[in-house]
Amino acid sequence: MQTGVLRVLRATAASWWRHKELRRTGQTGQAQRLERETVLRDLGYLKQAALLPNAHVICGEGGTFMHLGWTTVSTFAPIERFPLATLAVARGTPFIDIRPVTDVIAFANLPRVARDGSLDPDHSDAGRSVSLIGYIDMVEGLGARILNDPRPRQST
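Numbering-wise, the working numbering comes out as the position in the sequence shown, counting from 1, plus 11.
In structure tokens:
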């Protein structure tokens with residue numbers, strides 16, 4: 012594991028208000044244990060982001076979400092204030108920035124990304140799911156920006 016990644020995760024864990032409060036009240040051992048647990052959990056999330064076929068990070072006006080199959084890690088903050096998501100994107104996880112999307116109704120009516128990489132055979136259901144690539148095609152048509160695009164490059 013890169014030391015820079017560990018440094019960011021440790022600094023993030025140490026900055027949590029709960030961990031700071033434990034240190035302030037002299038419970039340093041408990042703060043260190045919780046910080047270690049947090050770093051290990053976040054390393055697991057980064058591993059999932061790298062391995063799962065439909066893992067992606069999406070950022071909108073409502074916050075930032077890391078979709079990792081059946082797990083979602085989120086915050087109300089933009090990606091610039093979510094170090095875990097920033098690390099995942101820096102390591103190659105697809106990033107969908109929906110902040111430029113203006114047609115909120117069309118966005119809300121998009122299908123969800125399949126959690127496990129499978130496709131939903133029934134496309135008439137409101138709860139249908141599509142592949143990450145299909146979702147990116149749809150959301151990009153609404154004006155979203157895509158980083159680490161997983162779609163194969165088209166040669167012209």
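Think of the CB as a built atom: it goes at the ideal place given N, C-alpha and C, for glycine as much as any other residue.
Only a predicted model underlies this, so the values are computations on that prediction, with no experimental measurement involved.
key: A101 versus V84: straight-line alpha-carbon distance, rounded   = What you label residue 101 is simply residue 90 of the sequence shown in a count that begins at 1. What you label residue 84 is simply residue 73 of the sequence shown in a count that begins at 1. Spanning the two alpha carbons is a distance of roughly 17 Å.
In DSSP terms, what F76 is bridged to = On the sequence shown, position 65 is the one that residue 76 refers to. Answer is I69 and S85, bridged to F76.
query = Can you list, in chain order, the residues of its chain whose CB lies under 6 Å from that of D53, leaving out five sequence neighbours each side?
reply = As a first step, residue 53 must be located in the sequence shown, where it is residue number 42. Within the same chain, D53 has close Cβ partners L20 and L95.
task = With L196 as the anchor, note down where its beta strand (DSSP E) starts and where it stops.
result = Beyond the ends of the chain as shown, which are 12 and 167, falls residue 196; an answer cannot be given.
inquiry  = Taking 6 Å as the cut-off, is the C-beta of H30 nearer than that to any heavy atom in the ligand FAD?
reply    = The ligand FAD is not among the ligands present in this structure, which contains no ligands whatsoever.
request  = Just mark V50 as buried or exposed, buried being the case when its beta carbon has 16 or more other beta carbons within 10 Å.
outcome  = As a working note, residue 50 is residue 39 in the sequence shown. Its Cβ being crowded by 16 or more others within 10 Å, V50 is buried.
ask   = When the Cα atoms are used, what is the spatial distance from M149 to T75?
value = Reading the sequence shown from its first residue, position 138 is the one you call residue 149. Reading the sequence shown from its first residue, position 64 is the one you call residue 75. The alpha-carbon atoms of M149 and T75 are separated by roughly 19 Å.
Close Cβ partners of T86 (< 6 Å) along its chain, the five nearest in sequence each way excluded = For the purposes of this step, residue 86 is taken as residue 75 along the sequence shown, with counting starting at 1. Cβ neighbours of T86 beyond the five flanking positions: G74, T75 and F93.
query = What residues in its chain sit with their C-beta under 7 Å from that of P89, if we drop five residues either side in the sequence?
reply = Against the sequence shown, residue 89 aligns to sequence position 78. Taken in chain order, the residues that qualify are C70 and T75.
message = DSSP three-state label for D108, please.
response = As a working note, residue 108 is residue 97 in the sequence shown. Note: D108 maps to strand in three-state DSSP.
message = Please report the distance separating the alpha-carbon of G80 from that of A125.
response = Working through the sequence shown from its first residue, we reach residue 80 at position 69. Working through the sequence shown from its first residue, we reach residue 125 at position 114. Straight-line Cα distance between these residues: approximately 8 Å.
request  = Assuming I116 and A155 form a contact by the criterion Cβ under 8 Å, report the distance between their Cβ atoms to the nearest whole angstrom.
outcome  = Residue numbering aside, residue 116 sits at position 105 when the sequence shown is read from its first letter. Residue numbering aside, residue 155 sits at position 144 when the sequence shown is read from its first letter. I116 to A155, Cβ: 15 Å. No contact.
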